[in-house]
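A short write-up of the structure that comes next.
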Amino acid sequence: MITYVLIYLAVVNIFAYFLMGIDKKRAIKHQYRISERTLWITAILFGAFGLFIGMQKFRHKTKHASFKYGLPLLTLLDAGIVLYILNV
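Counted from 1, the sequence shown has number 76 at position 76 by full-length UniProt numbering; the numbering is strictly sequential.
Laid out in structure tokens, this is it:
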């Protein structure tokens, strides 16, 4: 089970990271954007770490207080839940 949890976390966080990059690229090109709702749903599904790293790397959504403060808090919460699930 631990293997499946770790694979899920890797996949969802890589997806979240690239989602933030895609949204940044679309913002620059003035194209249709990925909704904040989609970004938050991804974060809630344990992709907060990937979104946070993507936010820093692509310098995207860094001025939005909900992302600036919410993603780090959600990342800590996610880490706590994962550690609890894995009995670490």
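For every residue, glycine included, the Cβ atom is placed at its ideal position computed from N, Cα and C.
This structure is a prediction, so every number in the text was calculated from the model and none was measured.
query                                                                                                                       : result
Burial state of Phe52, where buried means 16 or more other Cβ atoms lie within 10 Å                                         : buried
Identity of the residue in Val11, Lys68, Thr3 and Leu6 nearest Gly50 by Cα                                                  : Val11
Unbroken alpha helix (DSSP H) run spanning Ser35, endpoints                                                                 : Unbroken run through Ser35: none, as it is neither H nor E.
Same chain only: Cβ atoms within 7 Å of Pro72, ignoring 5 sequence neighbours per side                                      : Phe52
Pick from Arg59, Lys29 and Leu74 that is closest to Ile44, judged by C-alpha positions                                      : Leu74
Chain-order list of residues whose beta-carbon lies under 7 Å from that of Phe67 (same chain, five-residue window excluded) : Met55 and Lys61
Whole-angstrom distance between Tyr4 and Arg26, CA atom to CA atom                                                          : 33 Å
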